[in-house]
Amino acid sequence: MKLSKKIIARSILGVLYIALAVVMFLTGRTHTILIDNKGDTSGLYKAVNGMEVSVDKGEAVEFYRGDRDKFTVKSQKHTINIEFFDGTEPVSFKVKIPVTQDYVLLSIPKYLAGIEPYMEEFDIYASNKAAAAVDDSQ
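Here the sequence shown is numbered in this note's numbering, starting from 76 and rising by one per residue.
Rendered as structure tokens:
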């Protein structure tokens, strides 16, 4: 009887420890959101002339046409707040970053135009991979 109570207690502690580790991983994981204000070359959507963007309750950053900046955040769910310089009504929306993605590129012009996907995974090593592929083919 003593042995089975000991095994049950240890099993419960093990499960609690694993659950705590999962919660710490999900809430403590950092992601980088790249906010992009670039228009489409074909004219499908246009860049915003001027705006301030903040993520969650962080500091607002000014964006003009063609700008891109990064925000480092923790956890998966975030609120993006946009205030326009031309007096247009402010916009606020929520995004959820997949846990496996370190960097995501969020296009404000795509979001405002209703084009999906406005958020996509960003590979910071893509230019290195492309250069290596060119070198290998020569």
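Each residue gets a CB set at the ideal place from its N, CA and C atoms; glycine is no exception.
Status (buried if at least 16 other CB within 10 Å, exposed otherwise) for residue i
i    : result
D111 : buried
S117 : exposed
F138 : buried
V128 : buried
D190 : The question names Asp, but residue 190 in the sequence shown is Ile. Result: exposed.
Y200 : exposed
V130 : buried
A84  : exposed
L180 : buried
P165 : exposed
K80  : exposed
K185 : buried
DSSP-derived helix/strand/coil call for residue i
i    : result
Y186 : helix
I87  : helix
F197 : coil
L119 : coil
F100 : helix
K169 : strand
Candidates the options, of which the one nearest residue i by Cα
i    : options                : result
K132 : S150, Q151, N156, Y193 : N156
P173 : G125, I183, I108, Y120 : I108
I183 : I87, Y92, Y120, V90    : Y120
G125 : Q151, F100, E158, T105 : E158
State whether the region 78-98 contacts the region 138-146, with contact taken as three or more CB pairs (one from each stretch) at a distance under 8 Å.
no
3-residue-minimum beta strand (DSSP E) runs that sit fully inside the region 132-163, ordered along the chain:
136-139, 143-149, 152-159
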